[in-house]
Amino acid sequence: MSGLVAIQESASDSNCLPMPALFSEGGLDWRPISDWAEFLIQFGYRWPIATPGQRRIALVSMPCDSAAAGLVALGALVRDLGNDTATNVNGHYEALLRYARQYIKSCRNCEMRCHPEQRRCGYMHEATGLIRDKDGKRYRISELTDFDHKCLVLAIERGKWPILPKRALDLRIDGEPPTRLISAAAGLPTHPYLAIVDGAKIIPSNLRESYSGLCLAGRVSGENESRKVCDSIRFRYCDNEYSLSDLLTIQDWSASSTVSRVIFFNARTEKFDTHTFSPALAVADGDSCFLKVLARREFQQSDIIGVMHRNLDRDSLELVGNKMIDLRQWYMEDSETIGRMPAAPRGITALVLARRIA
Amino acid sequence: MSVSACQIFDFLEGRELWKIERDEIASPGFGSLRRNLRQIISRLGDSDDQLALDIVDGLRPLLSEWLTVPVPFDQSIVDAITDLFGQSEAVEACWGHDIRVAYEAAVRAGGALISSENPMRERLRALIQKLSSQGQIFKIYCHRRARPHFESLLPSFEGTHVQKLAFLHSPSEYRQVEPFDVLVKVGPLRVRGWGSAPDALVTAPRFGTLAQLVWSGSADDPDFGYDPVSPTSEPSETKRPSALRAVSDGHGSLRWTTQVARFGEDPDALSNGSADTAIDDLQFLHDVLRHRDKRSATLVQIDDSHAILYPPHSKVLCFDPNPSSKDPIDYCIPDETLSERMFLIQPNIADVNLGGATAQHGAYSQVWKRRLTEEFHSNQNDLINRLRKAGLNLVHMRSAIEHWCEPPSNVIHAPQQMRHFEILIQVLGLDDLENINRNQASSPWWQRAWVEIRRSRGEAIQSGFLEREIVDEQLLAILHGLLPQIQERAAERASFEVPIPLRSDVHGSFIFYPVIAVEHGFHVPETELKIIQELKTTDKWRD
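Shown next as structure tokens:
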């Protein structure tokens, strides 16, 4: 099966399933989820929900190249499915207004399409001013939009269409996933996630609402490489197979009609796959990506989990090691968070730092 | 990702303990050679004299190689030393009696070695035979250029039980290997430079036993086995192999144990006191280099004998032949995004300062090399004397001239310094050509020939005549237009040249070099960066 399609939910309301998911890597035989993969999923799942002023940075060091970052992100995704604040619904209208402001005040009249780094406008993407409704029909943002009174206005054939915040949930920025699906049947399935994290708490509404607070920062070699690695991991539950790429619900990796619970930061092009990013947690894939994410303005408030392998030359290892030493000026080892994690399998080492509280 | 993570973790979970079996080998003759060369380097290394420093630069790679590669003890060892110094009388005249004594002692020690086999090779051969007879799967970790010395240990495997040797040369090769039984390593575990190996040998082993053969006194780097999760290291004076320690005391730790066996002894070293036996020559040589004004660099090997050194975080124009690559032509960072399947792109742009028509690759060099070869073969001594008298006073002049006579390959073999090249052309009498062509050319003949040499070394783009960014933009646009042609040529995995279409504003061509290897651990003078160098030249900057 390709893509993530909801299967008939036949289990009871209980969040425990009669059997766990099976796991396969690189087309090898199916087996119970390996200890190393289980550890990484649990690392993401047990990662504390971000609290203001208590930023955390972790480094997970692997003995080999793997889809480890994707697995940590998957665990964090399941964690967020149980968090009632992990949804874009609440800030959706404000996000539309921000987009409208960018379009009207900056992009609409910009002569440099689209080189934000040269224009130094502070944005990362061009705002085309296009909005889609739930049927896929496109509208353009009207210049009559009133930012003082927070009223989004769309241009229609016979004039203007002021959008009320409640109505805005049916609208989305062109090219972005729907904020909320009307039909629960079209939402994400519960079973694969429950089969991967047994006993996970999942709030049903989260399965049909997008969330941009969790970010997977891909490899510096590019998005294709990141996706290929995630494609190599597959889970099976009740005769249904899901690749890790499917389960992560990254927008461009999934069917366009589904919600997205993980945004993607392309570490090669240094661009997000969405306008609405405010990552509370970023999982960085690889040493170079980790260093890039640590340095970027957009992640300065985010928790960051860097996942890298150690089969590197010494210079690359030291760049990361020295960065961790630098961080210790402001951060201390977070034994509490490490204590929440399961014992690491042989070959995986991990360090968690938490911001010192003044 | 050719090896699955499941395979690696299954392997790690299946073991409780990893072993290092360390053989420390001593030899009186080799010990004497080491001591005397160390003495010379120690004395000359502090000199302000360029000739003395050239000698030190020549000795460093020699001694480093002998300590980390199982070379045969043959005449080439003595020749390598005498080629650098020349006659004993001249050595004494230049640097005094003590240096002469040490030099002669080193030559004697080198000569005495020839009568016996290198004990390192004996031990290695025995080890390979033992592992083969036990049916163990083993691989050898070494530098690419050390490989022939391993292969010559057992020239023929046919009809024997000895396995065909399998090699690993880089972190990326190690990354892709499936778990096996024994890794063989000659020399100490060093993080950079001669005999270096990835820390992952200890922090992420793909084998159960590390069979290590070292010369006495060669210590592993104290912080070998570095993991960024626990970057604090012990003080360097502890000097004990880090592999003795657990990689990590926390979660996921691997436990190592080391067994040391000593073979042979060096009585002179013992009689000179314990201080001498404790000296680690590789550390000593590293310290000598570090005191000189150099920049750290990453080496990109482009063929069997050439490489380019880049300072950290350089952006180099590259072509990625992988069909799934979104941006096949892009700037890469050698120590970050450049990989061994890619090609370096060297723009070879016509220089307006050349005067006259653009020189073809090797057009000038054909003229001066022909003259040099004729003169060298007709009367070597006379040519050398004339060059010395004119101010070109290299230590190993004869071999240098032989080298300059070689036909151009990827680079034009020529003196490293412009001043030396000017003298060479004057002595060869080629400045007369300037008069013949004066009406056509705006610059002296030797300067145009020098530009050709620099361009062959890749310097043209650095000293470009247009503003750099404009050139870069134009080049990228042209390269994207040539993409189908480039992709077709790249399938051969060899260097190739693609001419810039005539309709373009920029004239010349692009040379594509396959990336054979990317290596770290060099300290290089600023002026030697970003140009094509011979591999043997780069050795003197290896840590």
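Listed in order, the protein sequences are those of chains H and Z.
Note that the numbering used here gives residue 266 to position 266 of the first sequence, counting from 1, and the numbers run on in steps of one.
Numbers in the numbering used here are just positions in the second sequence, counted from 1, shifted up by 1000.
Cβ coordinates follow ideal geometry from the N, Cα and C atoms, glycine included.
All values reported here derive from a predicted model rather than from experimental measurement.
Check	Outcome
Separation of H/Ala-280 from H/Thr-85, as counted between CA atoms	11 Å
Limits of the unbroken beta strand (DSSP E) element including H/Tyr-211	It is not in any beta strand (DSSP E) - H/Tyr-211 carries neither H nor E in the DSSP assignment.
Residue of Z/Phe-1167, Z/Thr-1538, Z/Ile-1516, Z/Val-1107 minimising C-alpha distance to Z/His-1523	Z/Thr-1538
Exposure label - H/Trp-330; buried when at least 16 CB within 10 Å	exposed
Completely contained alpha helix (DSSP H) runs for the stretch 1493 to 1542 of chain Z, where each covers 4 or more residues	1535 to 1538
Z/Tyr-1331 at chain H interface by Cβ criterion, 8 Å	no
Interface flag, Z/Cys-1318 vs chain H, CB-CB below 8 Å	no
Short CB-CB distance (under 8 Å) between Z/Pro-1241 and chain H	For Z/Pro-1241, the predicted structure reports a pLDDT of 39, less than 50, and the residue's modelled location is therefore unreliable. The matter cannot be settled from this model.
Three-state class that DSSP yields for Z/Ser-1324 in the structure shown	coil
Z/Val-1260 classed as buried or exposed, judged by whether at least 16 other C-beta atoms fall within 10 angstroms	exposed
Stretch pair the stretch 1008 to 1019 of chain Z + the stretch 77 to 96 of chain H: three plus CB contacts closer than 8 Å	no
Reference Z/Pro-1328; option with closest CA among Z/Cys-1405, Z/Ile-1486, Z/Asn-1393, Z/Val-1288	Z/Ile-1486
DSSP state of Z/Val-1260 mapped onto helix, strand, coil	strand
Reduced DSSP secondary structure (H/G/I, E/B, other) of H/Ser-66	coil
Three-state secondary structure (DSSP) of H/Met-332	strand
Inter-residue CB distance, Z/Ile-1302 and Z/Leu-1344 (contact presumed, cutoff 8 Å)	6 Å
Partners in chain Z for H/Ala-50, counting only beta-carbon separations shorter than 8 Å	Those within 8 Å of H/Ala-50 in chain Z number zero; the least Cβ separation is about 22 Å.
Z/Leu-1483 burial status per 10 Å Cβ neighbour count (16 or more: buried)	exposed
Close Cβ partners of H/Leu-248 (< 7 Å) along its chain, the five nearest in sequence each way excluded	Gly-70, Ala-73, Leu-74, Leu-77, Leu-216, Cys-230, Val-262
Beta-carbon proximity check, Z/Phe-1224 vs Z/Val-1177, cutoff 8 Å	no
Residues that Z/Arg-1192 contacts on chain H, provided the C-beta gap is smaller than 7 Å	Arg-314
Euclidean distance between Cα positions of H/Arg-346 and H/Ala-67	17 Å
Exposure label - H/Phe-43; buried when at least 16 CB within 10 Å	buried
Sequence ranges, alpha helix (DSSP H) only - wholly within the stretch 192 to 266 of chain H, length at least 4	223 to 231, 244 to 248
Neighbourhood of H/Gln-251 by C-beta, 8 Å cutoff - its chain only, sequence neighbours within 5 removed	Glu-176, Pro-177, Ser-260, Ile-263, Phe-264, Asp-273, Thr-274
Z/Arg-1145 to Z/Ser-1218 span [Cα, whole Å]	21 Å
Limits of the unbroken alpha helix (DSSP H) element including H/Val-283	From DSSP, H/Val-283 is part of no alpha helix (DSSP H) but of the beta strand (DSSP E) over 281 to 285.
H/Gln-161 versus H/Ala-155: straight-line alpha-carbon distance, rounded	Position check: residue 161 of chain H holds Trp in this sequence, whereas Gln was assumed. Going from the Cα of H/Trp-161 to the Cα of H/Ala-155 covers about 6 Å.
Start and end residues, beta strand (DSSP E) containing H/Trp-161	159 to 163
For Z/Met-1418, three-class secondary structure by DSSP	helix
Selection from H/Ile-131, H/Thr-145, H/Asp-146 that minimises the alpha carbon distance to H/Tyr-139	H/Ile-131
Closer than 9 Å at the beta carbon, the chain H residues around Z/Ala-1297	Per Cβ cutoff of 9 Å: no residues; Z/Ala-1297 is ~10 Å from chain H at best.
Partner residues on chain H for Z/His-1520, Cβ-Cβ distance less than 7 Å	Asp-313, Arg-314, Asp-315
Beta strand (DSSP E) segment containing H/His-309, residue limits	303 to 309
Within 7 Å of chain Z by C-beta, residues of the stretch 248 to 281 of chain H in sequence order	none
Neighbour flag for H/Pro-63 against chain Z, beta carbons, 8 Å	yes
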